[in-house]
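In the UniProt record's numbering, the protein residues as written are 1 to 316.
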Amino acid sequence: MDLKTPQLAIILPCYNEETILDYSKSHLLKKLTYLMDEKKISADSKLCFVDDGSKDDTWKILDSYKEKSIIAIKLANNFGHQFALLAGLDTLKNNFDIYITIDVDLQDDIDCIDKMIDAYDNGDDIVYGVRNDRQNDTYFKRKTATLFYDLMLRMGVKSIKHHADFRLISNKVLLEFLKFKESHLFLRGIFPEIGFKQGVVYYKRKERSLGESKYPLKKMLAFAWDGITSFSNKPLKIVLYIGVFSIILSFFLTLYALIQLLIGNVVSGWTSILIAVVFFGGIQTLAIGVIGEYIGKIYYQVKGRPRYIIEKLKNA
Ligand code: UDP
Ligand code: MG
Numbered sequence: 001m002d003l004k005t006p007q008l009a010i011i012l013p014c015y016n017e018e019t020i021l022d023y024s025k026s027h028l029l030k031k032l033t034y035l036m037d038e039k040k041i042s043a044d045s046k047l048c049f050v051d052d053g054s055k056d057d058t059w060k061i062l063d064s065y066k067e068k069s070i071i072a073i074k075l076a077n078n079f080g081h082q083f084a085l086l087a088g089l090d091t092l093k094n095n096f097d098i099y100i101t102i103d104v105d106l107q108d109d110i111d112c113i114d115k116m117i118d119a120y121d122n123g124d125d126i127v128y129g130v131r132n133d134r135q136n137d138t139y140f141k142r143k144t145a146t147l148f149y150d151l152m153l154r155m156g157v158k159s160i161k162h163h164a165d166f167r168l169i170s171n172k173v174l175l176e177f178l179k180f181k182e183s184h185l186f187l188r189g190i191f192p193e194i195g196f197k198q199g200v201v202y203y204k205r206k207e208r209s210l211g212e213s214k215y216p217l218k219k220m221l222a223f224a225w226d227g228i229t230s231f232s233n234k235p236l237k238i239v240l241y242i243g244v245f246s247i248i249l250s251f252f253l254t255l256y257a258l259i260q261l262l263i264g265n266v267v268s269g270w271t272s273i274l275i276a277v278v279f280f281g282g283i284q285t286l287a288i289g290v291i292g293e294y295i296g297k298i299y300y301q302v303k304g305r306p307r308y309i310i311e312k313l314k315n316a
């Protein structure tokens, strides 16, 4: 815990967010000024927008901002939300005392930042923003999100229920986080692993005021699957259990087939053969698929490609 007023950086990933940038900037600058006036953060605190390879005018708008307190990073391609956050954090490391990551649509309540800083002042090195009310999300988004967190927990991923990527971390935590070199990044699974003193603040998730969600169902499912396979070997174990179960089942089927043979009922065996072939064929394909997923991850990890590439930096 630092006794001096902490210097804060707020990191905002942006992908095709031209419609919302000005709104977001003005609200956040107001918030920063307020926090500085209240002596909660130091006067050289900053906002850092990371343009994640947007196809629209996001960079043009970011580039036009003249405020000294705004840093802008342009990634050379669309690396994804998690890597945009990584790029921002990695670039700013050691330059600030605390870092807050938040989506640029400000669906997460920026008034919570005060509470996060209080928690840091009281000794927390990681403070998670947790949504305790998602009434503003659609019924579908609410249900799928709850399912997602439950599945994570069941699969042994330590992620915090209803916490997305709205969190505060200290520079100490950031340096530890940067030692996690995974090619498939799932931030909300990593931070609970890091340890240190961790706290939680609750807030109500708002509606997106402008622009639309960049997480359609397909992307959400891929993200969930990535989270599970990056942090848990449970799918491999489940496949193993299914394998054991099918061996037991096939033992009984064999017994049945032999009895049929003894009775002299051999011709009528085609149904059981068909069922057995289809059933075990299915299980084997599934097992190969799951194993393949893990091998695929190893393949990417071994290549050790850069996880993000910066094209331009402004004010950093
Ligand atoms: N985002 C990004 N890269 C992507 C997709 C999204 O940087 O490839 C950013 C997006 O601009 C936003 C945040 O990630 O700031 C969360 O996205 P969104 O609000 O669309 O997700 P939702 O809140 O609907 O889950
Ligand atoms: Mg959003």
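Just so it is clear, CB atoms sit at the ideal spot from N, CA and C, and this is done for glycine as well.
Should the segment 196-213 be called in touch with the segment 115-132, which here means at least 3 C-beta pairs below 8 Å?
Yes: the two stretches touch, three or more of their Cβ pairs being nearer than 8 Å.
Continuous beta strand (DSSP E) assignments of at least 3 residues falling wholly in the segment 272-316:
For the segment 272-316, whole beta strand (DSSP E) runs of length 3 or above, ordered along the chain, are 310-314.
Are there any heavy atoms of the ligand MG lying less than 7 Å away from the beta-carbon of F135, as far as the coordinates show?
It should be pointed out that residue 135 corresponds to Gln in this sequence rather than to Phe. No - the ligand MG has no heavy atom lying nearer than 7 Å to the Cβ of Q135.
Closer than 7 Å: R142 CB and nearest the ligand MG heavy atom:
Relative to the ligand MG, the beta carbon of R142 is positioned no closer than 7 Å to any heavy atom.
Using 10 angstroms around the beta-carbon of N233, count the other beta-carbons present and answer buried if the total reaches 16, otherwise exposed.
When all chains shown are included, N233 counts as exposed.
Taking just the CA atoms, how far does I273 sit from T138?
Taking the straight line from one Cα to the other gives about 47 Å.
Would you call the segment 84-101 and the segment 16-29 touching, i.e. three or more CB-CB distances under 8 Å?
Not touching, per the Cβ criterion.
Pocket of the ligand UDP defined by Cβ to heavy atom distance under 6 Å
Cβ atoms closer than 6 Å to the ligand UDP belong to P13, C14, Y15, E17, D52, N78, G80, H81, A84, D103, V104, D105, Q107, S213, K214 and Y215.
Proximity test, R131 beta-carbon vs the ligand MG heavy atom, cut-off 7 Å
Result no, Cβ not under 7 Å from the ligand MG.
Taking the alpha-carbon of H81 as reference, which of F223, I247 and E176 has the nearest alpha-carbon?
Looking at F223, I247 and E176, the one whose alpha-carbon comes closest to that of H81 is F223.
Have a look at the DSSP bridge pairing and note the partners of R131.
In the DSSP output, where bridge partners are listed per residue, R131 has Y203.
Length at least 3, wholly inside the segment 21-71: the beta strand (DSSP E) runs in chain order:
Within the segment 21-71, the runs of beta strand (DSSP E) at least 3 residues long that lie entirely inside it are, in chain order, 46-51.
Would V62 and D51 be called neighbours here (beta carbons separated by less than 8 Å)?
Checking the displayed sequence, the identity of residue 62 turns out to be Leu instead of Val. Yes; because the gap between Cβ atoms is below 8 Å, this pair is in contact.
Under 7 Å: does the beta carbon of R188 sit that close to some heavy atom of the ligand MG?
With a cutoff of 7 Å, R188 does not count as near the ligand MG, since its C-beta is closer than that to no heavy atom of the ligand.
For E191, count neighbouring Cβ atoms within 10 angstroms of its own Cβ and tell me buried if that reaches 16, exposed if not.
A quick correction: the sequence has Phe, not Glu, at residue 191. In this structure F191 is buried. Its beta-carbon is surrounded by 16 or more other beta-carbon atoms within 10 angstroms.
Have a look at I295 and L258 and give me their C-alpha separation to the nearest angstrom.
If I take the Cα positions, the gap works out to 39 Å.
Select from D108, K55, L313 and S64 the residue whose C-alpha is nearest the C-alpha of D22.
Put simply, of D108, K55, L313 and S64 the residue whose alpha carbon is nearest the alpha carbon of D22 is S64.
Reduced DSSP category for G80 - H, G, I as helix; E, B as strand; rest coil:
Residue state, collapsed to three classes: coil.
Does at least one heavy atom of the ligand MG sit under 7 Å from the Cβ of R154?
No, the beta carbon of R154 sits no closer than 7 Å to any heavy atom of the ligand MG.
Which whole-angstrom value describes the C-beta separation of D90 and L178, a residue pair presumed to lie in contact below a C-beta threshold of 8 Å?
The distance from the Cβ of D90 to that of L178 is about 6 Å, consistent with a contact at the 8 Å cut-off.
8 Å Cβ shell around F280 - same chain, five flanking residues per side excluded
Excluding residues within five positions, the ones whose Cβ falls inside 8 Å are S246 and S250.
So, using beta-carbon positions, are Y120 and S170 closer together than 8 Å?
Yes, Cβ-Cβ distance for Y120 and S170 is below 8 Å.
Return yes when at least one heavy atom of the ligand ADP lies under 7 Å from the C-beta of R208, else no.
Absence of the ligand ADP is noted for the structure shown, with the ligand UDP and the ligand MG being the only ligands found.
Between the CA atoms of I110 and K117 - distance to the nearest angstrom
The amino acid occupying residue 117 in the given sequence is Ile; Lys does not appear at that position. So the two alpha carbons sit approximately 12 Å from each other.
Tell me the rounded alpha-carbon separation between G123 and I288.
Using only the alpha carbons, I get a separation of about 47 Å.
Collapsed DSSP secondary structure at K74 in the structure displayed
Reduced to three states, the DSSP call for K74 is strand.
Coarse secondary structure for residue 318, derived from DSSP in three states:
A query on residue 318 cannot be resolved here, the shown segment of the chain reaching from 1 to 316 and no further.
Same chain, Cβ closer than 8 Å to E311, neighbours up to 5 away in sequence not counted:
Answer for E311: K74, L75 and A76, listed in chain order.
Is T101 helix, strand or coil by DSSP?
Judged by DSSP in its simplified three-state form, T101 adopts strand.
So what's I228 in DSSP terms, helix, strand or just coil?
In this structure, I228 counts as helix in the three-state DSSP scheme.
State buried or exposed for G88, treating a residue as buried only when at least 16 other CB atoms are found within 10 Å of its CB.
G88 is classed as buried because its beta carbon has at least 16 other beta carbons within 10 Å across all chains shown.
Helix, strand or coil at R208 according to DSSP, with G and I counted as helix:
Correct three-state label for R208: coil.
Starting from the C-beta of N315, find all residues in its chain whose C-beta is less than 6 Å away, skip the five residues before and the five after it, and write them out in chain order.
Within the same chain, Cβ atoms closer than 6 Å to the Cβ of N315 are found at I71, the five residues on either side in sequence being excluded.
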